[in-house]
Amino acid sequence: MTKVTMTVNGKSVSAEAEGRTLLSSYLREGLGLTGTHIGCDTSQCGSCVVHVDGLAVKSCSVLAMDAAGADVRTIEGMANADGSLGVMQQAFQDHHGLQCGFCTPGMVMAASALLAENPTPTEAEVRHGLEGNICRCTGYHNIVKAVLAASGQDMPAVAAE
Amino acid sequence: MPKDTGIGASTKRREDIRFLTGKGAFTDDMTLHAQAHAVMVRSTVAHGRIVKIDTARAAAMPGVLAIFTGEDFAAVGGNPAGWLINSRDGTPMREPKRPVLAHGKVRHVGDNYAAIIAETYEQGRDAAQVLADDTQIDELPAVIDMKAAIADPSNRVHDEIPDNLCFDWGWIEDNRAAVDAAMKAAPHVVTLELTNNRLVPNAMEPRASIGEYNTGTGDYKLTTTSQNPHLTRLLISAFVMGIPENKLTVVAPDVGGGFGSKIYHYGEEALVLAAAKKLGRPVRWTAERSESFLSDAHGRDHVTKIEMGCTKEGDILAIRTETLANVGAYLSNFSTATPTFLHGTLMSGPYKVPHVYVNVKTVFTNTAPVDAYRGAGRPEATYSIERVVDMMARELGLDPFEVRRRNLLTPDQFPYQSPVGLMYDTGNYQATLDKAIELGDVAGFGARVAASAAKGRLRGMGLSTWIEACGIAPSNLVGVLGSRVGLYDAATVRVNATGNISVMVGAHSHGQGHETVFAQIVADKLGIPDSSVEIVHGDTSKIPFGMGSYGSRSLAVCGSAMDRAMDKIIAKGKKIAAHMLEAAEGDITFEDGKFSVAGTDKAKTFGEIAFSAYVPHNYPLETLEPGLEETAFYDPANFTYPAGAYICEVEVDPDTGRVEIARFTCADDFGNVMNPMVVEGQVHGGVGQGIGQALLENTTYDENGQLLTGSFMDYAMPRADDVPFFAVDHSCSTPCTHNPLGVKGCGEAGAIGSPPAVINAVIDALHRGGITHVKHIDMPVSPNRVWQAINA
Chain U
1 MTKVTMTVNG KSVSAEAEGR TLLSSYLREG LGLTGTHIGC DTSQCGSCVV HVDGLAVKSC
61 SVLAMDAAGA DVRTIEGMAN ADGSLGVMQQ AFQDHHGLQC GFCTPGMVMA ASALLAENPT
121 PTEAEVRHGL EGNICRCTGY HNIVKAVLAA SGQDMPAVAA E
Chain Z
1001 MPKDTGIGAS TKRREDIRFL TGKGAFTDDM TLHAQAHAVM VRSTVAHGRI VKIDTARAAA
1061 MPGVLAIFTG EDFAAVGGNP AGWLINSRDG TPMREPKRPV LAHGKVRHVG DNYAAIIAET
1121 YEQGRDAAQV LADDTQIDEL PAVIDMKAAI ADPSNRVHDE IPDNLCFDWG WIEDNRAAVD
1181 AAMKAAPHVV TLELTNNRLV PNAMEPRASI GEYNTGTGDY KLTTTSQNPH LTRLLISAFV
1241 MGIPENKLTV VAPDVGGGFG SKIYHYGEEA LVLAAAKKLG RPVRWTAERS ESFLSDAHGR
1301 DHVTKIEMGC TKEGDILAIR TETLANVGAY LSNFSTATPT FLHGTLMSGP YKVPHVYVNV
1361 KTVFTNTAPV DAYRGAGRPE ATYSIERVVD MMARELGLDP FEVRRRNLLT PDQFPYQSPV
1421 GLMYDTGNYQ ATLDKAIELG DVAGFGARVA ASAAKGRLRG MGLSTWIEAC GIAPSNLVGV
1481 LGSRVGLYDA ATVRVNATGN ISVMVGAHSH GQGHETVFAQ IVADKLGIPD SSVEIVHGDT
1541 SKIPFGMGSY GSRSLAVCGS AMDRAMDKII AKGKKIAAHM LEAAEGDITF EDGKFSVAGT
1601 DKAKTFGEIA FSAYVPHNYP LETLEPGLEE TAFYDPANFT YPAGAYICEV EVDPDTGRVE
1661 IARFTCADDF GNVMNPMVVE GQVHGGVGQG IGQALLENTT YDENGQLLTG SFMDYAMPRA
1721 DDVPFFAVDH SCSTPCTHNP LGVKGCGEAG AIGSPPAVIN AVIDALHRGG ITHVKHIDMP
1781 VSPNRVWQAI NA
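So the sequences go chain by chain: U and Z. Oh and the first sequence: position 122 is 122 in this note's numbering, straight run, nothing missing. In this note's numbering, each residue carries its 1-based index in the second sequence increased by 1000.
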């Protein structure tokens, strides 16, 4: 076991990790940040997406030690300073972009990174951009709506139904 | 004008806040003091005799606390099937024991025969690998294909079951001869053989369980990913482990989707309880996704021959089906109900059909157990009917819309006694069909065909008019049909002294939004703000004995219990008001949150009544009890019958066989709608899963019983770019006639109605493109299958 230090949601934190400890386990077990979920074992589902140095990363595909010194942001760090929901979080609630809530943290993290890279995506770009995140509840309809809404664009007429 | 609050308002979900901020509390999120970890050791062969499990090396490894094998549970009971089905000849089904851990034989890849309990998960994994190496299992030939399973009785999943048949069921057996005669006399008969593909439910949260045992009190606690904690407690107590119900609490906290797969009790739940007792420490087990693929109950897996007798004008005269239904290696709790009473009873669809007969043979194979998955039996029935109706229209040169209109029940025909045992209470199938035609812009289809053609694509349109029976279910009826449980639900409405309310419900929310929607209903009826109502669910130590959530039952059954409990609250409130206002009880009215003396301005608010109930000064105690808390159990009089019309448009690339969903339109009748936003979300999700089944998902075992689709890399889940936006409408409402809210249920609709609409659209596209030799393609219509069909 080695002590691994990084910045998570703006605070410097440390926890023990083995060489094989994944960033997802480090966050959940080491730091108690259980908002980052583990939905598969093949880096396919995207439930564990966090931001590492500003980029969306599947935290199950990064060793904790490789993230030492990095600036990590998780779902727990997405709310506004006053505790109110951030823009993407609020859009997900407003548009019913979540049901069971399990894929949601990864979805919100992936979607916010998507908008950081492409502030006004088309519907097709949103769908393509979220391809690495699986949701079993929503049929993606309201997730795509939420992301388009968070981008501040007028929604296609069909999406407004 | 849309309402802002109460019944009918699209109130935003209160549960979203915790899920959006990482504060959800799923089972694997909980770490208890001194918690140990369980790791399952699973069979890598589909069928084999366990010769030796040598635990010595694994037991000596770092951190290993205990090892369990099937031997440790040989004396305890088995996990039972919830429905007893009789064969056509009256003999009861074969029900082999389903042990906590495999004992003697392993019967599918993923069958767990041992468990390691260790200080850390990683240590458990390391020891599990060593134990697997030190285990000798002599492999036996695997029984995989259902037809071969029946044909070759020498190869048995269960030694005591000679033909691998669980039962051979006829519905309704007495009608068989009349159906055969009607089929023989029919001017035209359409015959179709089809497969309803096997699916893995894949709720995004893998199953997980934590067992706890208090050595001081002898109390057990199980925290688990369950859709119905009371049923799990009952099964563990009465059948599997014999722990008295009063000494076992089952908690289903935040649960990340279920879709049926978390209805059932699984052996891992019993294992963590036994391990917790042995060690005197909490023990947590969490499935890896690979384990979920191997060991969660799968769905569907029917092979059906359907025949439809009709006139040359398209009037349906008779339907006859023969189905082989896979139950896998063991009977999961509802596995025997799904292909029978949730399937055969729907085989006349929304149509007036004089003669229907359904035969289902359920077959044991060396595969994971198969059970109810979103829709459960009803998607299989709907797919068979809607495919054969479409085929009939094509064979007779008739319009598929008109053929359906010709046969749909009309509003004046309700209540309607179907030939397969159900009494449909109400509906207006023409209205939803008309609405779908309008919303789906069927009039503009021709122009879209031309536009697709200009891109080199073949465009097709497919229709499905569907019905289901949900709101499961009247206990009297299901008891006659073989259910070993009742299917009522329960709610306790506790008015607190300061006037706010806690409602304890038997339904469980794992994505459906009960915490918001049930609160809307309570607030609406009692005339108080939504924010004054808290919905408590998922903990057997807090809630009354309810049957949980599945079969689109939560609102129709548990919501009705809640409504009944509120009636009792209002009645009690009137007694209290009569006392406080010195009036006769019969003169008290309740409206807008106020108890008033009729014809006067004398009134007490709901809050004043509540306070008085808990500060009962000067109460006439011989006629009025203190307190304001009421419980109701509600057992429905009938199933509910949601119905609708779905229209799918696809584009097929004839060069590659790739199918793209271009438009999808749903017009549903769910009865009264409590929260339109949530209802539409349920339809979106169901349609997404139905499109997944139709285009992408398939569970494939090879001839040795190895699961070839055992991860998200091999099993094609629908992703955001596989689906379009859906057009969804629920304005054509005929309220349910027999429950107090007039609700029908919307959870499964999308998964039931959508697969045949997709496949009908694909066949239509090919025919419009001149590829008329393709009569049918089995799901999923992957590019490979479509290309093969085109080029056959």
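Built from N, CA and C at the ideal position, the CB exists for glycine as well.
Report the neighbours of residue i on chain Z: residues whose CB is nearer than 8 Å to its CB, in chain order.
i, result
"residue 94 of chain U", "1012"
"residue 51 of chain U", "Correct list: empty, because the minimum Cβ distance to chain Z is about 13 Å."
Which chain U residues are close to residue i, counting only those with a beta carbon under 8 Å from its beta carbon?
i, result
"residue 1126 of chain Z", "Correct list: empty, because the minimum Cβ distance to chain U is about 11 Å."
"residue 1685 of chain Z", "99, 136, 137, 138, 139"
"residue 1026 of chain Z", "34, 37, 102"
"residue 1021 of chain Z", "35, 75, 76, 78, 79, 85, 89"
"residue 1712 of chain Z", "40, 42, 44, 45, 134"
"residue 1259 of chain Z", "136"
Taking the continuous alpha helix (DSSP H) assigned at residue i, which residues delimit it?
i, result
"residue 1524 of chain Z", "1514-1526"
"residue 1117 of chain Z", "Careful: residue 1117 of chain Z lies outside any alpha helix (DSSP H), inside the beta strand (DSSP E) at 1112-1118."
"residue 1758 of chain Z", "1749-1768"
"residue 1479 of chain Z", "1475-1480"
"residue 1580 of chain Z", "1560-1581"
Is the shortest distance between the beta-carbon of residue i and the beta-carbons of chain Z less than 9 Å?
i, result
"residue 152 of chain U", "no"
"residue 78 of chain U", "yes"
"residue 124 of chain U", "yes"
"residue 117 of chain U", "no"
"residue 145 of chain U", "yes"
"residue 16 of chain U", "no"
"residue 159 of chain U", "Only weak support is given to the placement of residue 159 of chain U: the predicted model assigns it a pLDDT of 46, under 50, and the value that follows is read from those uncertain coordinates. For residue 159 of chain U, the answer is yes, since a Cβ of chain Z falls inside 9 Å of its Cβ."
Return no unless some Cβ of chain U is closer than 9 Å to the Cβ of residue i.
i, result
"residue 1203 of chain Z", "yes"
"residue 1778 of chain Z", "no"
"residue 1103 of chain Z", "no"
"residue 1057 of chain Z", "no"
"residue 1723 of chain Z", "yes"
"residue 1689 of chain Z", "yes"
So, with DSSP's three-state summary, where would you put residue i?
i, result
"residue 140 of chain U", "coil"
"residue 1192 of chain Z", "strand"
"residue 33 of chain U", "coil"
"residue 131 of chain U", "coil"
"residue 1666 of chain Z", "strand"
"residue 96 of chain U", "coil"
"residue 8 of chain U", "strand"
"residue 1037 of chain Z", "strand"
"residue 1502 of chain Z", "strand"
"residue 1281 of chain Z", "coil"
"residue 1136 of chain Z", "strand"
"residue 1319 of chain Z", "strand"
"residue 126 of chain U", "helix"
Beta carbon of residue i, beta carbon of residue j: below 9 Å?
i, j, result
"residue 1660 of chain Z", "residue 1448 of chain Z", "no"
"residue 1557 of chain Z", "residue 1231 of chain Z", "no"
"residue 1051 of chain Z", "residue 1329 of chain Z", "no"
"residue 1259 of chain Z", "residue 1201 of chain Z", "yes"
"residue 114 of chain U", "residue 62 of chain U", "no"
List, in chain order, every chain Z residue whose beta-carbon is nearer than 9 Å to that of residue i.
i, result
"residue 120 of chain U", "Here the premise fails: no neighbours, minimum Cβ distance about 18 Å."
"residue 108 of chain U", "1020"
Residue i versus chain U: which residues are under 9 Å apart at the beta carbon?
i, result
"residue 1678 of chain Z", "96, 99"
Give me the chain U residues within the contact set of residue i, using Cβ-Cβ distance strictly less than 7 Å, ordered along the chain.
i, result
"residue 1681 of chain Z", "96, 99, 138, 142"
"residue 1288 of chain Z", "41"
"residue 1740 of chain Z", "In chain order: nothing, as chain U lies at least about 26 Å away."
"residue 1510 of chain Z", "100"
Can you name the residues of chain Z whose CB is closer than 7 Å to the CB of residue i?
i, result
"residue 130 of chain U", "1720"
"residue 61 of chain U", "Near residue 61 of chain U there are no residues of chain Z at all, since even the closest Cβ is about 13 Å away, more than 7 Å."
Output the boundary residues of the beta strand (DSSP E) element that contains residue i.
i, result
"residue 21 of chain U", "Element bounds for residue 21 of chain U: n/a, residue is neither H nor E."
"residue 1461 of chain Z", "1458-1467"
"residue 1603 of chain Z", "1603-1605"
"residue 1639 of chain Z", "That residue, residue 1639 of chain Z, is in no beta strand (DSSP E); it is neither H nor E in DSSP."
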